[in-house]
Amino acid sequence: MLKIKSYVKAESIQQAYELNQKRTAVILGGMVWLKMGNRRVSTAIDLSGLDLCGIQENQEEFVIGCMTPLHDLEVHPGLLAYTDGAIKECLRHIVGVQFRNCATVGGSIWGRYGFSDVLTLFLAMDTWVELYKGGRIPLLEFVSMEKDRDILLHLIIKKRKIAICYLSQRNTQTDFPVLTCCASLAGEEVRTVVGARPGKALVLQDPEGFLKGFSAMEQENRKEAIHRYSAWTEQNVPTGSNMRGSAEYRTHLVQVLTRRAWTGIGGTVNENGFLA
Numbered sequence: 028m029l030k031i032k033s034y035v036k037a038e039s040i041q042q043a044y045e046l047n048q049k050r051t052a053v054i055l056g057g058m059v060w061l062k063m064g065n066r067r068v069s070t071a072i073d074l075s076g077l078d079l080c081g082i083q084e085n086q087e088e089f090v091i092g093c094m095t096p097l098h099d100l101e102v103h104p105g106l107l108a109y110t111d112g113a114i115k116e117c118l119r120h121i122v123g124v125q126f127r128n129c130a131t132v133g134g135s136i137w138g139r140y141g142f143s144d145v146l147t148l149f150l151a152m153d154t155w156v157e158l159y160k161g162g163r164i165p166l167l168e169f170v171s172m173e174k175d176r177d178i179l180l181h182l183i184i185k186k187r188k189i190a191i192c193y194l195s196q197r198n199t200q201t202d203f204p205v206l207t208c209c210a211s212l213a214g215e216e217v218r219t220v221v222g223a224r225p226g227k228a229l230v231l232q233d234p235e236g237f238l239k240g241f242s243a244m245e246q247e248n249r250k251e252a253i254h255r256y257s258a259w260t261e262q263n264v265p266t267g268s269n270m271r272g273s274a275e276y277r278t279h280l281v282q283v284l285t286r287r288a289w290t291g292i293g294g295t296v297n298e299n300g301f302l303a
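Using this note's numbering, you'd call the opening residue of the sequence shown number 28 and step up by one each time.
So this is what it looks like as structure tokens:
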């Protein structure tokens, strides 16, 4: 059971930050995962009055407030177009629309959950986080940091010409994923992100050069390159077992989902490596 001693609706980020320095204080977010825990909270801090909800888009980036509900992302025309629908595919499995209208971007990213579809997708793009004290840092660096008492303000996606494909395997609809996989190609930069291993999402590139010149390959060569690359990822992604699947099953899924994701990308890039 979650027990809260006092509740404060913060009037400023500085006030929220100061309150959050106490180890037993907590930022509320959307309260969808927090309320399921068994803990005592001295001060629950509500950021909903600080104008941190919404998605701003300009020519260079998307800026997403930490209190933005996940459902806002899956219906945002700019994000849908930029990701060619991958953001909708990523989010549609997360329980239901009512849940996604409560769960926030900030809570999903700050938690660095191993099962997070959201984290898997955003790691495949040029994504940054903006912290109150820490400033802007790459998401890849942020997920490797230990949790501290800073406050996540915004998630920033830098716009690049990108092809992206998101896939996941679930035992049942709306359940936590057995494995998640997102592949992206920005120019010649290859990224494959594998999450729900069941550990935190892992970012792989292409050190062996299997996919070098991917967008210019003939179809048969592209198919062979994908086969070799997916076999390599299978050997280089550590997996574990839990109630949803064994390590052996997840290792097999790494190869299958990587191959499918890159096959999907192969159908959406033109000779310049951009979306067709």
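Ideal Cβ positions, reconstructed from N, Cα and C, are used throughout, including at glycine.
Legend entry - ALA228 - containing alpha helix (DSSP H), residue span: Looking at the DSSP string, ALA228 is not in any alpha helix (DSSP H), and its letter there is neither H nor E.
Legend entry - Option nearest CYS192 by Cα separation, candidates VAL217, LYS185, PRO204: It is VAL217 whose Cα lies nearest to the Cα of CYS192.
Legend entry - Identity of the residues DSSP links to GLY272 by a beta bridge: Paired residues: ASN269.
Inset, instruction - On a CA-only basis, which of GLU38, GLN42, LEU29, MET28 is nearest ARG176? Give me that one, please. - result: Out of GLU38, GLN42, LEU29, MET28, GLN42 has the C-alpha closest to the C-alpha of ARG176.
Legend entry - 8 angstroms Cβ cutoff met for LYS54 and LEU74: Note that residue 54 corresponds to Ile in the displayed sequence, not to Lys. Their beta carbons are under 8 angstroms apart, which means ILE54 touches LEU74 by this criterion.
Inset, instruction - Look up TYR34 in the DSSP assignment and say whether it is helix, strand or coil. - result: Under the three-state reduction of DSSP, TYR34 is assigned to strand.
Inset, instruction - Throw me the rounded Cβ distance for the PHE89 and GLY105 pair, which I believe falls under 8 angstroms. - result: Right, the Cβ-Cβ distance comes to about 7 angstroms (below 8 angstroms), so this counts as a contact.
Legend entry - Simplified DSSP state of VAL170, which is helix, strand or coil: Under the three-state reduction of DSSP, VAL170 is assigned to coil, being neither helix nor strand.
Inset, instruction - Classify SER143 as buried or exposed, calling it buried when 16 or more other Cβ atoms lie within 10 Å of its own Cβ. - result: SER143 is buried by the Cβ-count criterion.
Inset, instruction - Specify whether the stretch 140-158 and the stretch 114-121 touch according to this definition: at least 3 beta carbon pairs, one from each stretch, less than 8 angstroms apart. - result: Enough Cβ pairs lie closer than 8 angstroms, so yes.
Inset, instruction - Report yes if the CB atom of LEU304 is closer than 8 angstroms to the CB atom of LEU194, and no otherwise. - result: There is simply no residue 304 to check, as the chain begins at 28 and stops at 303 in what is shown.
Legend entry - Where the alpha helix (DSSP H) through ASP99 begins and ends: If you look at ASP99, you'll find it in the alpha helix (DSSP H) that goes 97-101.
Inset, instruction - Have a look at GLY123 and ALA130 and give me their C-alpha separation to the nearest angstrom. - result: Taken atom to atom, the span from the alpha-carbon of GLY123 to that of ALA130 is near 11 angstroms.
Legend entry - Local conformation of PRO104 per DSSP, three classes: Taken through DSSP and simplified to helix, strand or coil, PRO104 comes out as helix.
Inset, instruction - Measure the alpha-carbon distance for GLY293 versus LYS160 and round it to whole angstroms. - result: Their Cα atoms are separated by approximately 41 angstroms.
Legend entry - Buried or exposed by the 16-neighbour rule on C-beta atoms within 10 Å, applied to ASP233: So ASP233 ends up on the buried side.
Legend entry - Inside the stretch 153-208 only - alpha helix (DSSP H) runs reaching at least 4 residues: DSSP runs (the alpha helix (DSSP H)) wholly in the stretch 153-208: 166-169.
Inset, instruction - State whether the stretch 199-210 contacts the stretch 171-189, with contact taken as three or more CB pairs (one from each stretch) at a distance under 8 angstroms. - result: At 8 angstroms Cβ cutoff, the stretches do not touch.
Legend entry - Proximity of ILE164 and VAL156 at Cβ, strictly below 8 angstroms: In contact: ILE164 and VAL156 (Cβ atoms closer than 8 angstroms).
Legend entry - Closest by C-alpha distance to ARG287, when choosing among LYS250, PRO265, GLN262, SER268: Of the candidates LYS250, PRO265, GLN262, SER268, the one whose C-alpha sits nearest the C-alpha of ARG287 is LYS250.
Legend entry - CB-CB length for GLY315 against GLY134, believed under 8 angstroms: An answer regarding residue 315 cannot be provided, because it is not within the stretch 28 to 303 covered by the chain.
Legend entry - Same chain, Cβ closer than 8 angstroms to ALA37, neighbours up to 5 away in sequence not counted: Close CB contacts of ALA37 within its chain, under the 8 angstroms cut and outside five residues either way in sequence, are with ALA43, LEU46, ILE72, ASP73, LEU74, GLY76, LEU77 (chain order).
Inset, instruction - To the nearest angstrom, report how far apart GLU298 and ALA223 are at their CA atoms. - result: Its pLDDT being 48, under 50, GLU298 is placed unreliably in this model, and the coordinates cannot settle the point.
Legend entry - For VAL230 and THR95, the rounded distance between their alpha carbons: The alpha-carbon atoms of THR95 and VAL230 are separated by roughly 25 angstroms.
Legend entry - DSSP three-state assignment for SER39, whether helix, strand or coil: In the three-state DSSP reduction, SER39 falls in the coil class, being neither helix nor strand.
Legend entry - Closest by C-alpha distance to LYS30, when choosing among ARG50, ARG197, VAL68, GLU168: Of the residues ARG50, ARG197, VAL68, GLU168, the one whose Cα lies closest to the Cα of LYS30 is VAL68.
Legend entry - Cβ neighbours of ASN198 in the same chain (closer than 8 angstroms, five flanking residues each side left out): Excluding five sequence positions before and after ASN198, the CB atoms of its chain that fall closer than 8 angstroms to its own CB belong to VAL205, ARG271, GLY272, given in chain order.
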